[in-house]
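Enquirer: Here you go, one structure.
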Amino acid sequence: MIIGLILHYSSLNKAGIVIDENSVRYQFSSEEWKGESELRCGMRVYFDLNSANRIIKIYKPKVIT
């Protein structure tokens, strides 16, 4: 699990970019989104990567401390 921030999201293209705490950027599609709310820029999220460093799951944390 990695903590990140949605840097960009296009509802038209159903794709976006997440940036992690080390400033590494990852592309994602709305298919990876597992949250109930709508995606928006600036939203803090958790995400998981596969062995090829591609996002496989992205979701909003209940609480980030």
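Mapping of the sequence shown onto UniProt numbering: residues 1 to 65, in sequence order. Heads up, the beta-carbon is just placed ideally off N, CA and C, and yes, glycines get one too. As the structure is a computational prediction, the values presented were derived from the model and not from experiment.
1. Mind checking V18: buried by the 16 CB within 10 Å criterion, or exposed?
2. Per the DSSP calculation, R40 is bridged to which residue(s)?
3. Give me the Cβ distance between N50 and I56, rounded to the nearest whole Å; I'm assuming they're in contact under 8 Å.
4. Pick helix, strand or coil for S51, following the three-state DSSP scheme.
5. First and last residue of the beta strand (DSSP E) that includes L12?
Expert: The structure says:
1. As a position in the sequence shown, residue 18 is number 18, starting the count at 1. With 16 or more Cβ atoms within 10 Å of its Cβ, V18 is classed as buried.
2. Locating residue 40 in the sequence shown gives position 40, where the first residue counts as 1. According to DSSP, R40 bridges with nothing at all.
3. Translated into the one-based positions of the sequence shown, residue 50 becomes position 50. Translated into the one-based positions of the sequence shown, residue 56 becomes position 56. So it is a contact: roughly 5 Å between Cβ atoms.
4. Against the sequence shown, residue 51 aligns to sequence position 51. Here S51 sits in coil by DSSP.
5. If you number the sequence shown from 1, residue 12 lands on position 12. No beta strand (DSSP E) contains L12, which DSSP labels as neither H nor E.
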